[in-house]
Amino acid sequence: MTLHFTSPITSLRAIIIGRRVFGRGKCLGIKFSNKGTAANPLVEIKIYAKEKLSAGFVGSLIEEIKYLYNFNLDLSDFYNTFKNDHFLNPILKKWRGMRPGHPSCLYEYLMIGMVLQNASVRRSVQMFKALLENYGTLL
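This is the structure:
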């Protein structure tokens, strides 16, 4: 499960994401840190595991992360098309570098749906924390 949710253990500079790698039998902690700028993006990825991971496994995991988070998506045509649009240009300047979401599995959508159900952000964070504490795997 990927946790795309602000919780007390996260910040904008370092986001901790727990993801169980299905079919591989491993439970990992993954930490993303912003090391670049919008003009020159760079994301540091740290992977935490109980046992040493093979280089092949780490390489395939990084490729999966690039795919899931659209790191290789080229948005230059999109930006060029709308750079002179008086309505969209201010938004594009503010959010430059953002990537569209990628389809996740049904399980992830159900988990997110459960904690976002017309609740305040504070309540959603409380529900998400309770889910992690009661049903999550300690890394």
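Counting along the sequence shown from 1, when you hit position 61 you're at 1086 in the numbering used here, and nothing is skipped either side.
All residues carry an ideal CB built from backbone N, CA and C; glycine is no exception.
Being a predicted model, the structure only gives us computed values, none of them experimental.
query: Taking the beta strand (DSSP E) that HIS1073 falls in, what are its first and last residues?
result: The amino acid at residue 1073 is misidentified as His; the sequence shows Tyr. From DSSP, the beta strand (DSSP E) with TYR1073 extends over 1068–1073.
- request: Measure the CB-CB distance between ASN1095 and ARG1124 and report whether it falls below 7 Å.
  value: yes
message: Taking its Cβ as the centre, do 16 or more other Cβ atoms sit within 10 Å of LEU1086, making it buried, or is it exposed?
response: buried
query: Is it buried or exposed for PRO1033, if we count other Cβ within 10 angstroms and need 16 for buried?
result: Because PRO1033 carries a pLDDT of 42, less than 50, the predicted location of this residue cannot be relied on, and the following value inherits that uncertainty. Per the 10 Å Cβ criterion, exposed.
- prompt: If we ignore side chains and look at the alpha-carbon of each, how far apart do GLY1084 and LEU1098 end up?
  reply: 19 Å
- prompt: For the putative contact between ALA1080 and LYS1051, defined by C-beta atoms under 8 Å, what is the C-beta separation to the nearest angstrom?
  reply: Contact flag wrong, Cβ pair sits at about 15 Å.
- prompt: If you follow the alpha helix (DSSP H) that SER1101 is part of, which residue opens it and which one closes it?
  reply: 1101–1107
- prompt: Ordered along the chain, which non-local residues of its own chain (more than five positions away) have a Cβ less than 7 Å from that of LEU1157?
  reply: none
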